[in-house]
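*Asks:* Dropping the structure in here first, questions after.
Numbering (this note's numbering), first residue to last: 258 to 421.
Dropping the structure here:
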């Protein structure tokens, strides 16, 4: 294991990898963040492809990530996290919709819990999950970051061809 700290428009990010795959991406002040001693030695040059793709994402040039990921969690959590990666850029889903997609329509609360434990923020887009009413609910990186990420992904307004 090793980790790196990088700057981003949403503040410092900690990247964690096992030498082959990304296993974590955490915000500064992230809820449920592992202890620093569990992250391995710091090497800020360790993840050039992750840094490149995140830079493209924040510049509005990337809508999907193509990185080897190895999030660590229970079988159910990994199923939820895999489903999160299928939510298209610029769209949201509710916890209930995700539970139904998993074939477990009564598991919205369990989906919410798994979503909250997602160790690879942004790249595994847990920020795209909203409450049943469409409103923003909790986010391990804070609701301001969730708002920022959702706004970043909003499709551009349609141009109706008028000059004024």
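Idealized CB from N, CA, C, for every residue including glycine. Being a predicted model, the structure only gives us computed values, none of them experimental.
(1) Secondary structure at residue 281, three-state DSSP: helix, strand or coil?
(2) Report the start-end ranges of each alpha helix (DSSP H) in the region 275-356 that is 4 residues or longer and not cut off at the edges.
(3) Quick test of your reading: residue 397 and residue 289, contact by CB under 8 Å. State the CB separation rounded to the nearest angstrom.
(4) To the nearest angstrom, report how far apart residue 312 and residue 331 are at their CA atoms.
(5) To the nearest angstrom, how far is it from the Cα of residue 355 to the Cα of residue 302?
(6) With DSSP collapsed to three states, give me the class of residue 261.
(7) By Cβ distance below 8 Å, which residues in the same chain neighbour residue 340 in space, the five residues on each side in sequence not counted?
(8) Going by DSSP in three states, residue 387 sits in which element: helix, strand or coil?
*Replies:* The relevant details are as follows:
(1) Residue 281 falls in the strand class under three-state DSSP.
(2) Runs of the alpha helix (DSSP H) lying entirely within the region 275-356 and spanning at least 4 residues, in chain order: 305-315 and 332-341.
(3) About 6 Å separates the two Cβ atoms, so the contact holds.
(4) Cα-Cα distance, rounded: 30 Å.
(5) Going from the Cα of residue 355 to the Cα of residue 302 covers about 36 Å.
(6) Secondary structure at residue 261: strand, using DSSP grouped into helix, strand and coil.
(7) Counting only Cβ-Cβ distances below 8 Å, and skipping sequence neighbours, we find 355, 358 and 359.
(8) Residue state, collapsed to three classes: strand.
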